[in-house]
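Protein chains in written order, with this note's numbering: chain A, 4 to 114; chain B, 5 to 114.
Structure (structure tokens):
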């Protein structure tokens, strides 16, 4: 089946930029998403990008999509302690069998 | 608008029992999807309902079932519970290409 891969952990200093990377295998992906999950909570939709776009910016968040390499990244500018969470990359394939999620990246903020 | 609500938030059941979880989508959203989240398997798609019809189904056994009512509220049922069914069950309410998740129901099977 289709797969989405992410690094498990990322550690950054407060105030620096965080870049979370994701690769996917489904060449028919239509939309790609970034979700945030804090402890004990559900998933919060952060942003998403249509597969024919290269970049999307939303305040501190920048999404870059390289469709040729099937690579998606999420950049968080000026990372704060409140950004500490698990970040999930997800894709919606052409078959629309729900979203396929990566295992999530734990973002750790160092003071 | 109010977000997605799920009830109950926590459940403890024993093996062999059955359980029903409920989800109320965002007002105006007609599509509801269910996902299972476990530490080992991560987030996995269970099924999607639109206008009371199951539109898609993930790779789960028939013990997992669901339905959607005319007011778009959805329920999922798990029969003959197994220890491995312990998980966070998340419901998502969809509008066009976006899916908004509820807080989840945490199920513990003993």
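Backbone N, C-alpha and C define an ideal beta-carbon position, used for all residues, glycine too.
Can you check whether the C-beta of residue i is within less than 8 Å of a C-beta belonging to chain A?
| i | result |
| --- | --- |
| residue 68(B) | no |
| residue 54(B) | no |
| residue 64(B) | no |
| residue 12(B) | no |
| residue 93(B) | no |
| residue 106(B) | yes |
| residue 25(B) | no |
| residue 49(B) | yes |
| residue 37(B) | yes |
| residue 103(B) | yes |
Restricting to Cα atoms, I'd like to know which of the options is closest to residue i.
| i | options | result |
| --- | --- | --- |
| residue 31(A) | 6(A), 76(A), 105(A) | 6(A) |
| residue 100(B) | 25(B), 54(B), 46(B), 21(B) | 54(B) |
| residue 44(B) | 102(A), 106(A), 92(A), 90(A) | 106(A) |
| residue 17(B) | 37(B), 84(B), 47(B), 97(B) | 84(B) |
| residue 112(A) | 96(A), 85(A), 29(A), 67(A) | 85(A) |
| residue 48(A) | 75(B), 98(B), 109(B), 111(B) | 98(B) |
| residue 108(A) | 16(A), 22(A), 17(A) | 22(A) |
| residue 95(B) | 14(B), 15(B), 25(B) | 25(B) |
| residue 5(B) | 56(B), 32(B), 113(B), 20(B) | 32(B) |
Using 8 Å as the limit for Cβ to Cβ distance, is residue i near chain B?
| i | result |
| --- | --- |
| residue 124(A) | Shown here, chain A extends from 4 to 114; a query on residue 124(A) therefore has no answer. |
| residue 100(A) | yes |
Using 8 Å for Cβ pairs, my map puts residue i next to residue j. What's the rounded Cβ distance?
| i | j | result |
| --- | --- | --- |
| residue 93(B) | residue 40(B) | 6 Å |
| residue 71(B) | residue 27(B) | Between residue 27(B) and residue 71(B) the Cβ distance is about 11 Å, and since that is not below 8 Å, they are no contact. |
| residue 10(A) | residue 24(A) | 7 Å |
| residue 104(A) | residue 7(B) | About 20 Å; that fails the 8 Å criterion. |
| residue 82(B) | residue 22(B) | 6 Å |
| residue 35(A) | residue 75(A) | 5 Å |
Does the structure place the stretch 80-96 of chain A close enough to the stretch 85-100 of chain B that three or more beta carbon pairs sit under 8 Å?
no
On the three-pair Cβ rule with 8 Å, is the stretch 37-45 of chain A touching the stretch 85-97 of chain A?
yes
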